[in-house]
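The sequence shown begins at 205 in the working numbering and counts up by one.
We put the CB at the ideal spot given by N, CA and C, even for glycine.
Here the structure is a predicted model, which means the values were calculated and not measured.
Structure, as structure tokens:
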Amino acid sequence: MSLPILMTVDDDPAVSRSVARDLRRRYGQDYRVIRADSGTDALDALRELKLRGDTVAAILADYRMPQMDGITFLEQAMDLFPHARRALLTAYADTDAAIQAINVVDVDHYLLKPWDPPEEKLYPVVDALVETWCAAGDRPVEETKIIGHRWSSPSYRVREFLARNAVPYRWYSVDEPEAARLLEAAGATAGDIPVLITPDGAVLKNPDEHGIADAVGLSTRPAAEFYDLVVIGGGPAGLGAAVYGASEGLRTVLVERQATGGQAGQSSRIENYLGFPDGVSGAQLTDRARRQAQKFGAEVLTARDVVALEARGSARVIRFGDGSEIAAHSVVLASGVSYRALEADGVAELTGRGVFYGSASTEAPECAGEHVYIVGGANSAGQAAVFFSRHAREVTLLVRGPSLQASMSHYLIEQLDAIENVHVRTRTTVVRADGDDHLERLTLCDQETGETETVETGHLFVFIGAAPRTEWLGDGIARDGHGFVRTGPDLVVEGRRPPGWPLDRDPHYLESSIPGVFVAGDVRAQSVKRVASAVGEGAMAVTLVHRYLEQQ
């Protein structure tokens, strides 16, 4: 087979030759480097490569080119090689414009010209591009098949679970002829949907998430009964704890109820995370963190619901919903938060059938030409508005408060202001959702005047509040009035340690009211609700785990 290709596109011949030379010097043994002097020539070359069955690993395109700029070229190149990784070459003066343009198309990096020395400024970026491409590749993959109904909540649940766990699948609507043929071959009927068919031919009818995870090869069973560290929750805090725990020699297992990434994993683009100046999608960040944790030897269990946590002597015991248990010397509780339910008539009945919590990226293609409504005023809602603006005809952000300034980052507010098809309605709430088999209408209320208005829409995405979902912890773990877990100094009241505290010391900073159980991220009382702080707390928790173990 021919070598995969690295392509560079620049209208300046000297720059084009220079970048091609530097790429060949480092990657020439494993990749074929080709260059083009314009976007048009590059597209012609890509079409020929496609016809010949070649693969393209990465494309570096100049941002400012005559006739066709780098963004326009990369958008068209993605249609030919959607798995190829993409980077923009830009002059320093165009940096702001390039970063803004990156929000239009999913570009992985940008590079400043000149890039001397390449060992510091070019190769690390290209290394990241080819590493990401190698993880996914541009090769045919065996796909899981799903037969379901467009407006079926269980069908949506299966699709979302597979998408968030990066499992490739092909969707068949139950009214398609091919779906009927697949159902017949599977010995199933339309009443069994959703029906999942694995690449090896196994058939699952209306499966639960644990059954899906087993069928598609996700790890659901622990390899041992006892660990040094159990991490509960696979968001940024949990992934951070797993990476640092495993890398520092602790036998570590991470347990996630649905999919790694948490709320951050559903973000279309995170732009204020250190080290990613052009932003990174939550899915990309999650995938890298998960692979990093597994590289150091951490186990990752998916679709396992933890229902109890208790201390038995020096062991900390985790009980799963099926009654099985694992134990460890220590625990990091990083279960994060969930979006609060939208309290409006009709919303519960239409959830998964036009009403969705989180960005629900699987729904993006269905929003083409539609008017999409988003409820929420924090960063997650703003990121979703930017994302859906590329697919929908119009996006309206509904905000209960008087403005976005108190709850959304400044950079995101500026982005929303610059997007023509995004509108923000403040002091507005949803009071009713209506539709037959799916969402068709919303009733909105102006909080200042009390007047209501009915609008036509098939898509409502909800990003409101934060519910910690910590009821399962019982009375052993101290929590505040909202359910967030109290730690460290918050547990010491007027010099008194928490009731039942057995040790002759105060709780460590991130330690809960059970010694050896540490808390990181959004589930912790008074935490900063940011990805960077969650990762930092995950790392800090591991440091405190070591201190705890040394004192045992």
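Member of the options whose CA lies at the smallest distance from the CA of residue i
i: Val-334; options: Val-746, Ser-542, Ile-209 and Met-612; result: Ile-209
i: Gly-556; options: Ala-745, Phe-591, Arg-361 and Ser-565; result: Arg-361
i: Arg-673; options: Asp-641, Asp-549, Ala-729 and Ala-572; result: Ala-729
i: Ala-446; options: Gly-395, Asn-410 and Glu-741; result: Glu-741
i: Ala-637; options: Ser-472, Thr-456, Phe-665 and Gln-755; result: Phe-665
i: Glu-475; options: Asp-310, Ser-518, Glu-429 and Gly-437; result: Asp-310
i: Gln-271; options: Gly-438, Pro-440, Asp-248 and Gly-243; result: Gly-243
i: Phe-592; options: Ala-610, Ala-502, Gly-442 and Leu-620; result: Leu-620
i: Val-634; options: His-642, Gly-654, Asn-625 and Ala-622; result: Gly-654
i: His-712; options: Pro-703, Val-628 and His-750; result: His-750
i: Arg-219; options: Met-269, Tyr-235, Ser-451 and Leu-253; result: Correcting the residue identity first, residue 219 is Val in this sequence and not Arg. Ranking Met-269, Tyr-235, Ser-451 and Leu-253 by Cα distance to Val-219 puts Met-269 first.
i: Gln-496; options: Asp-418, Gly-421, His-414 and Leu-443; result: Leu-443
i: Glu-660; options: Gly-501, Leu-648, Ala-538 and Ala-384; result: Leu-648
i: Thr-632; options: Ala-288, Arg-604, Ala-622 and Ala-507; result: Arg-604
i: Arg-229; options: Glu-279, Ala-288, Val-260 and Tyr-327; result: Tyr-327
i: Asp-432; options: Gly-453, Ala-383, Leu-366 and Leu-408; result: Gly-453
i: Ile-718; options: His-614, Leu-646 and Leu-513; result: Leu-513
i: Thr-747; options: Gln-651, Asp-710, Pro-706 and Tyr-448; result: Tyr-448
i: Leu-315; options: Cys-338, Ala-291 and Glu-323; result: Ala-291
DSSP-derived helix/strand/coil call for residue i
i: Pro-344; result: With a pLDDT of only 49 at Pro-344, under the threshold of 50, the placement of this residue in the model should not be trusted, and no figure is reported.
i: Gly-352; result: strand
i: Lys-317; result: strand
i: Asp-331; result: helix
i: Val-499; result: Strictly speaking, residue 499 in this sequence is Lys, with Val absent from that position. Lys-499: helix per DSSP, three-state reduction.
i: Lys-409; result: strand
i: Leu-714; result: coil
i: Met-282; result: helix
i: Ala-736; result: helix
i: Met-269; result: coil
i: Tyr-615; result: helix
i: Ser-166; result: The shown model of the chain, from 205 to 756, leaves out residue 166, and the question about it has no answer.
i: Val-628; result: strand
i: Trp-705; result: coil
i: Leu-608; result: coil
i: His-750; result: helix
i: Val-590; result: helix
i: Ile-623; result: coil
i: Leu-326; result: coil
i: Thr-490; result: helix
i: Ala-384; result: helix
i: Glu-574; result: coil
i: Ala-519; result: strand
i: Val-213; result: strand
i: Ala-724; result: coil
i: Val-378; result: coil
i: Arg-508; result: coil
i: Leu-207; result: coil
Local Cβ density within 10 Å of residue i, reported as buried at 16 or more and exposed below that
i: Leu-463; result: The residue asked about is misnamed: residue 463 is Ala in this sequence, not Leu. By the 10 Å Cβ count, Ala-463 comes out buried.
i: His-686; result: exposed
i: Ser-607; result: exposed
i: His-353; result: buried
i: His-663; result: buried
i: Met-206; result: The sequence as given places Ser at residue 206; Met does not occur at that position. Exposed.
i: Gly-558; result: buried
i: Val-345; result: For Val-345, the pLDDT reaches just 49, beneath the cut-off of 50, and the residue's location in the model is therefore unreliable, although a value from the coordinates is still provided. Under this definition Val-345 is an exposed residue.
i: Ala-610; result: exposed
i: Ala-389; result: exposed
i: Asp-726; result: buried
i: Ala-340; result: exposed
i: Gly-437; result: buried
i: His-313; result: buried
i: Ala-428; result: exposed
i: Arg-374; result: exposed
i: Arg-256; result: exposed
Whole-angstrom C-beta distance between residue j and residue i, which should lie under 8 Å
i: Leu-293; j: Ala-265; result: 7 Å
i: Glu-347; j: Pro-372; result: 5 Å
i: Val-434; j: Ala-564; result: Contact doesn't hold; Cβ gap of about 30 Å is too wide.
i: Ser-534; j: Arg-520; result: 6 Å
i: Phe-277; j: Val-213; result: 6 Å
i: Gly-580; j: Phe-667; result: 3 Å
i: Gln-756; j: Ser-518; result: 6 Å
Residue i Cβ short of 7 Å to the ligand PLP heavy atom set
i: Phe-277; result: With respect to the ligand PLP, the structure shown offers nothing to examine, as it has no ligands at all.
Chain C within 8 Å of residue i, Cβ atoms only
i: Ala-383; result: Protein chain content of the structure displayed is limited to a single chain, and chain C is not contained in it.
Practice item. Let me know the beta strand (DSSP E) ranges lying completely inside the region 538-572, each 3 residues or longer, listed in chain order. Key: 559-561
Check your understanding: Where in the region 391-478 do unbroken runs of the alpha helix (DSSP H), each at least 4 residues long, occur, reported from the N-terminal end onward?
Key -> 413-420, 440-451 and 466-469
Check your understanding: Of all the beta strand (DSSP E) runs that stay within the bounds of the region 630-702, which reach a length of 3 or more residues?
Key -> 632-638, 645-650, 656-660 and 664-666
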